[in-house]
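Beneath this line is the structure, given in C-alpha coordinates, with notes to follow.
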Amino acid sequence: MKDVLRNTLAALAGALVGMLLIGISGFVGGRLAPPAAGIDWQNQAAVAAYVSSLPWHVFIVVLVGYFIAVVTGAFLAGRFSTEGGPRQAVMVTLLFLVASALRARGSPYPTWFIAANFALVALGGWLAVVLLARRRATASHS
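For the sequence shown, our numbering assigns the number 209 to the last residue and increments by one with no breaks.
The structure is reproduced here in C-alpha coordinates:
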(Lines of atoms letter the chains of each structure in order from A and count residues from 1; the text may use other names and numbers.)
(Lines give C-alpha, C1' and ligand atoms only; values in the text may rest on other atoms or scores of the structure.)
Protein backbone atom coordinates (compact mmCIF):
# COMPACT_ATOMS: atom_id res chain seq x y z
CA MET A 1 0.00 0.00 0.00
CA LYS A 2 2.85 2.36 0.83
CA ASP A 3 4.35 1.81 -2.65
CA VAL A 4 1.03 2.56 -4.35
CA LEU A 5 0.69 5.81 -2.41
CA ARG A 6 4.27 6.84 -3.15
CA ASN A 7 3.92 6.05 -6.86
CA THR A 8 0.61 7.92 -7.07
CA LEU A 9 2.04 10.96 -5.31
CA ALA A 10 5.13 10.85 -7.54
CA ALA A 11 2.96 10.87 -10.67
CA LEU A 12 0.77 13.67 -9.30
CA ALA A 13 3.79 15.75 -8.30
CA GLY A 14 5.37 15.30 -11.72
CA ALA A 15 2.12 16.27 -13.44
CA LEU A 16 1.69 19.34 -11.22
CA VAL A 17 5.26 20.51 -11.83
CA GLY A 18 4.73 20.04 -15.56
CA MET A 19 1.46 21.99 -15.48
CA LEU A 20 3.13 24.81 -13.56
CA LEU A 21 5.91 25.02 -16.15
CA ILE A 22 3.38 25.02 -19.00
CA GLY A 23 1.51 27.83 -17.25
CA ILE A 24 4.73 29.82 -16.98
CA SER A 25 5.52 29.33 -20.67
CA GLY A 26 1.99 30.43 -21.60
CA PHE A 27 2.37 33.49 -19.38
CA VAL A 28 5.70 34.38 -21.00
CA GLY A 29 4.19 33.87 -24.46
CA GLY A 30 1.27 36.10 -23.53
CA ARG A 31 3.63 38.81 -22.32
CA LEU A 32 5.50 38.71 -25.64
CA ALA A 33 2.28 39.36 -27.56
CA PRO A 34 -0.46 40.54 -25.21
CA PRO A 35 -4.07 40.35 -26.42
CA ALA A 36 -6.09 43.46 -27.11
CA ALA A 37 -7.71 44.96 -24.04
CA GLY A 38 -11.20 43.65 -23.49
CA ILE A 39 -10.93 40.58 -25.73
CA ASP A 40 -13.91 38.28 -25.26
CA TRP A 41 -12.35 34.86 -24.56
CA GLN A 42 -15.76 33.23 -25.07
CA ASN A 43 -15.94 34.55 -28.65
CA GLN A 44 -14.22 31.93 -30.82
CA ALA A 45 -13.80 34.33 -33.73
CA ALA A 46 -12.05 36.89 -31.52
CA VAL A 47 -9.76 34.25 -30.05
CA ALA A 48 -8.98 32.86 -33.52
CA ALA A 49 -8.14 36.37 -34.76
CA TYR A 50 -5.82 36.91 -31.79
CA VAL A 51 -4.09 33.55 -32.27
CA SER A 52 -3.66 34.13 -36.00
CA SER A 53 -2.02 37.49 -35.27
CA LEU A 54 0.62 35.95 -33.00
CA PRO A 55 4.19 35.99 -34.28
CA TRP A 56 5.86 32.60 -34.71
CA HIS A 57 8.29 33.15 -31.85
CA VAL A 58 5.43 33.16 -29.34
CA PHE A 59 4.48 29.66 -30.47
CA ILE A 60 8.11 28.58 -30.17
CA VAL A 61 8.28 29.85 -26.57
CA VAL A 62 5.17 27.84 -25.70
CA LEU A 63 6.49 24.72 -27.46
CA VAL A 64 9.83 24.93 -25.65
CA GLY A 65 7.89 25.36 -22.42
CA TYR A 66 5.85 22.23 -23.13
CA PHE A 67 9.00 20.23 -23.88
CA ILE A 68 10.74 21.37 -20.69
CA ALA A 69 7.56 20.74 -18.69
CA VAL A 70 7.16 17.18 -19.93
CA VAL A 71 10.83 16.27 -19.48
CA THR A 72 10.85 17.75 -15.97
CA GLY A 73 7.47 16.43 -14.86
CA ALA A 74 7.98 12.94 -16.26
CA PHE A 75 11.52 12.70 -14.89
CA LEU A 76 10.42 13.80 -11.42
CA ALA A 77 7.52 11.34 -11.45
CA GLY A 78 9.86 8.48 -12.31
CA ARG A 79 12.60 9.66 -9.99
CA PHE A 80 10.40 9.76 -6.92
CA SER A 81 8.45 6.59 -7.64
CA THR A 82 9.22 3.48 -5.62
CA GLU A 83 11.33 1.76 -8.25
CA GLY A 84 12.69 4.96 -9.82
CA GLY A 85 11.69 3.64 -13.20
CA PRO A 86 9.76 4.72 -16.24
CA ARG A 87 6.18 3.75 -15.35
CA GLN A 88 5.22 7.04 -13.72
CA ALA A 89 7.18 8.99 -16.34
CA VAL A 90 5.15 7.33 -19.08
CA MET A 91 1.92 8.03 -17.17
CA VAL A 92 2.74 11.73 -16.94
CA THR A 93 3.69 11.83 -20.62
CA LEU A 94 0.40 10.17 -21.58
CA LEU A 95 -1.47 12.69 -19.43
CA PHE A 96 0.14 15.56 -21.36
CA LEU A 97 -0.56 13.85 -24.70
CA VAL A 98 -4.25 13.52 -23.77
CA ALA A 99 -4.33 17.14 -22.58
CA SER A 100 -2.73 18.23 -25.86
CA ALA A 101 -5.31 16.27 -27.84
CA LEU A 102 -8.17 17.82 -25.90
CA ARG A 103 -6.70 21.28 -26.33
CA ALA A 104 -6.21 20.75 -30.08
CA ARG A 105 -9.86 19.83 -30.68
CA GLY A 106 -11.50 22.83 -32.28
CA SER A 107 -8.63 25.09 -31.33
CA PRO A 108 -7.55 28.07 -33.41
CA TYR A 109 -3.89 27.01 -33.23
CA PRO A 110 -1.99 26.44 -36.48
CA THR A 111 -1.66 22.83 -37.62
CA TRP A 112 2.14 22.99 -37.43
CA PHE A 113 1.91 24.06 -33.78
CA ILE A 114 -0.43 21.18 -32.88
CA ALA A 115 1.80 18.65 -34.66
CA ALA A 116 4.95 20.07 -33.08
CA ASN A 117 3.28 20.01 -29.67
CA PHE A 118 2.47 16.29 -29.97
CA ALA A 119 5.97 15.52 -31.22
CA LEU A 120 7.68 17.49 -28.45
CA VAL A 121 5.50 16.00 -25.72
CA ALA A 122 6.34 12.49 -26.94
CA LEU A 123 10.02 13.39 -27.32
CA GLY A 124 10.08 14.93 -23.85
CA GLY A 125 8.59 11.78 -22.32
CA TRP A 126 11.11 9.62 -24.17
CA LEU A 127 13.98 11.81 -22.98
CA ALA A 128 12.76 11.56 -19.38
CA VAL A 129 12.71 7.75 -19.63
CA VAL A 130 16.25 7.76 -21.09
CA LEU A 131 17.48 10.04 -18.31
CA LEU A 132 15.87 7.78 -15.69
CA ALA A 133 17.54 4.71 -17.22
CA ARG A 134 20.93 6.45 -17.19
CA ARG A 135 20.39 7.49 -13.60
CA ARG A 136 19.56 3.93 -12.57
CA ALA A 137 22.57 2.55 -14.46
CA THR A 138 24.88 5.08 -12.82
CA ALA A 139 23.42 4.38 -9.37
CA SER A 140 23.85 0.61 -9.78
CA HIS A 141 27.54 1.02 -10.67
CA SER A 142 28.40 3.09 -7.62
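We treat Cβ as the ideally placed atom computed from N, Cα and C, and that holds for glycine.
Check, Outcome
"Counting C-beta neighbours from all protein chains within 10 Å, is the total for N77 16 or more, i.e. buried, or is it exposed?", "Correcting the residue type first, residue 77 is Ala in the shown sequence and not Asn. A77 should be labelled buried."
"Which word fits G191, buried or exposed, when buried means at least 16 other C-beta atoms lie within 10 angstroms of its C-beta?", "buried"
"So the alpha helix (DSSP H) M86 belongs to, where does it begin and stop?", "69 to 99"
"Does the contact criterion of 3 or more C-beta pairs under 8 Å hold for the region 132 to 142 versus the region 160 to 180?", "yes"
"Whole angstroms are fine: how far does the CA of G152 sit from the CA of R146?", "7 Å"
"So V159 packs on G85, CB below 8 Å; how close in whole Å?", "6 Å"
"Answer with buried or exposed for L87, where buried requires no fewer than 16 other C-beta atoms within 10 angstroms of its C-beta.", "exposed"
"The alpha helix (DSSP H) that contains T139, what's its start and end?", "123 to 146"
"Roughly how many angstroms lie between the CA atoms of V128 and R98, to the nearest whole one?", "11 Å"
"Take T149 and list the residues in its own chain whose beta-carbon comes closer than 7 Å to its own, dropping the five residues that flank it on each side.", "D70, R73, N74"
"Compare the C-alpha of P177 against each of I135, V197, V118 and name the closest.", "V118"
"Hey, how far is the Cα of G92 from the Cα of R201?", "For the record, residue 92 in the displayed sequence is Ser; it is not Gly. About 28 Å."
"State the Cα-Cα distance for the pair A182 and S207, rounded to the nearest angstrom.", "38 Å"
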